[in-house]
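Asks:
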């Protein structure tokens, strides 16, 4: 199979899968078999591109060039390769999890759920392989609109309101800021192509370069940099598999992926260092990390605590990119992967608890670790990764971020990482302690019996797998590390 065909199939496979899911919707077993088969086929197709990219190739294909320097085109560079591996691989596990969750909770509109999920993955792969800002913008918007029905899935007033907030903020920021930034970039340079070293050097300088960077950062609302973050906790009304999609597989990852890609391939790290126009981003991302962590401390609802944790963790990626050293850029790329594995595990655990025990609040989790040992052990692994402790993936990415901050003597960034690590421990460790070392009060919750065990088998399989991935990345980081180093042109 040619590499160009693999690029096309990366978007075509989930799109065709969405059609087949619609056709088999009345036969649940067949519909879910199609979903799993499609997810596996996509991952195998993505793997076909990994070897050549690790060998230094950058497969590309252009669909149509509307004007010179303005085309819908795709190019598989190292950062996009990493993102596509994460998205396609976790789609398999999320699909397994979804079967257990959607059936276990007797959710309605399950066919629509699987269709929209497949379309969202197709958009994610298109975004990951975008060769320029125009292509990225198109698939960024497709991803937003395809996930709206997922956020509003339950159809009640709360879900619809949350989905409107989700859609309103993301569309407003992308149209008002991101599109303007892209148009400005094209007017200044005559191209939108992602290029090593950036394209803006000598074209936009001084304060204007800082203003353009601000338009990009706040135009990419999916990165959830404060104050453009409210859409993320609002979207917690969605079913847990959707929350996992939002926080680990696609949506927020597309945001920080786009931020890193723009800084590295549009602005250029050296250009931003010389101009001194990105210093504000360290402060804004640092504020987001600390503020979101402090809000998370006060959340009793488990999914909301995880949502504010996500806002904080996303800005680790932005902060690492803003430090503007090669080693911190590697840390930013690695944290995209580390956060994906750790946070999907945490959301899977939250959904597992809800399915088996019908509990949603942190204050209800006393002693639950003895009734759901697999779920809560997986939760502990995901939490340790968010804190940044070995042997989990989060330790690897935080190590590179700290090294980048120290090498550039950026003590603001270093202080933020240290303080936020303590805050992360403050809102995760009490959950683990309560689950395993506090006694259950024995009271039934909302009329449900408290003699439950683990959630259905598909949920247990998925959550065990993602927890294992979180540990395996610590011991075997080579593929992710090689891709991250290639992104910045070699070993940092």
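Residue numbers (my numbering): 19 to 510.
Each residue gets a CB set at the ideal place from its N, CA and C atoms; glycine is no exception.
Spatial neighbours of residue 398 within its chain, please: CB distance less than 7 Å, with the 5 preceding and 5 following residues excluded, ordered by chain position.
Replies: 450
Asks: Taking the runs of the alpha helix (DSSP H) that are 4 residues or longer, which of them lie wholly in the region 292-371?
Replies: Taken in chain order, the complete alpha helix (DSSP H) segments of 4 or more residues contained in the region 292-371 are 297-315 and 320-341.
Asks: Throw me the rounded Cβ distance for the residue 29 and residue 138 pair, which I believe falls under 8 Å.
Replies: Not confirmed; about 12 Å, so no contact.
Asks: Can you grab the Cα-Cα spacing for the pair residue 61 / residue 366, in whole Å?
Replies: 21 Å
Asks: Select from 504, 209, 269 and 194 the residue whose C-alpha is nearest the C-alpha of residue 234.
Replies: 194
Asks: Pop quiz: residue 203 and residue 210 are said to be a contact at Cβ under 8 Å. What is the actual Cβ separation, rounded to whole angstroms?
Replies: Separation of the CB atoms of residue 203 and residue 210 is rounded to 6 Å, and the pair is thereby assigned contact status at 8 Å.
Asks: Give me, in chain order, the residues of the same chain whose beta-carbon lies closer than 7 Å to that of residue 161; leave out the 5 immediate sequence neighbours on both sides.
Replies: If we look at residue 161 and ignore the five residues flanking it on each side, its Cβ neighbours are 138, 141, 142, 145, 268, 269 and 272.
Asks: For the alpha helix (DSSP H) containing residue 67, name the first residue and the last one.
Replies: In the DSSP assignment, residue 67 falls within the alpha helix (DSSP H) that extends over 46-72.
Asks: Cα separation between residue 464 and residue 376?
Replies: At residue 464 the pLDDT is 48, less than 50, meaning the model places this residue with poor confidence and gives no usable figure here.
Asks: Looking at C-beta atoms only, is the number of pairs between the region 334-344 and the region 414-433 that lie closer than 8 Å three or more?
Replies: yes
Asks: With distances taken Cα to Cα, identify the nearest neighbour of residue 455 among 497, 427 and 386.
Replies: 386
Asks: Considering only C-alpha positions, which residue in the set 261, 482, 276 and 289 is nearest to residue 157?
Replies: Minimum Cα distance to residue 157 is reached at 276.
Asks: Terminal residues of the continuous alpha helix (DSSP H) containing residue 279?
Replies: 269-280
Asks: Check residue 93 in the structure and name its three-state DSSP category.
Replies: Three-state result, residue 93: strand.
Asks: The alpha helix (DSSP H) spanning residue 129 covers which residue range?
Replies: Residue 129 -> alpha helix (DSSP H) spans 128-146.
Asks: Once the 5 residues before and after residue 251 are set aside, which same chain residues still bring their CB inside 7 Å of it?
Replies: 322, 325 and 326
Asks: Assuming residue 84 is part of the alpha helix (DSSP H), what are its boundary residues?
Replies: Element bounds for residue 84: not the alpha helix (DSSP H) but the beta strand (DSSP E), 78-85.
Asks: I'd like to know if the region 114-123 and the region 479-486 are in contact, where contact means that at least 3 CB-CB pairs between them fall below 8 Å.
Replies: yes
Asks: Within 10 angstroms of its Cβ, does residue 170 collect 16 or more other Cβ (buried), or is it exposed?
Replies: buried
Asks: In terms of alpha-carbon separation, which member of 293, 182, 412 and 474 lies closest to residue 494?
Replies: 412
Asks: Could you check the C-alpha separation between residue 369 and residue 224 for me, to the nearest Å?
Replies: In this structure, the CA atom of residue 369 is about 48 Å from the CA atom of residue 224.
Asks: Which residues in the same chain as residue 513 place their Cβ atom closer than 7 Å to its Cβ, once the five residues preceding and following it in sequence are excluded?
Replies: Summary: the structure shown does not reach residue 513, with the chain confined to residues 19 through 510, and so no result is reported for it.
Asks: Identify the continuous alpha helix (DSSP H) that holds residue 496 and give its terminal residues.
Replies: 496-505
Asks: Put residue 123 into one of helix, strand or coil per three-state DSSP.
Replies: coil
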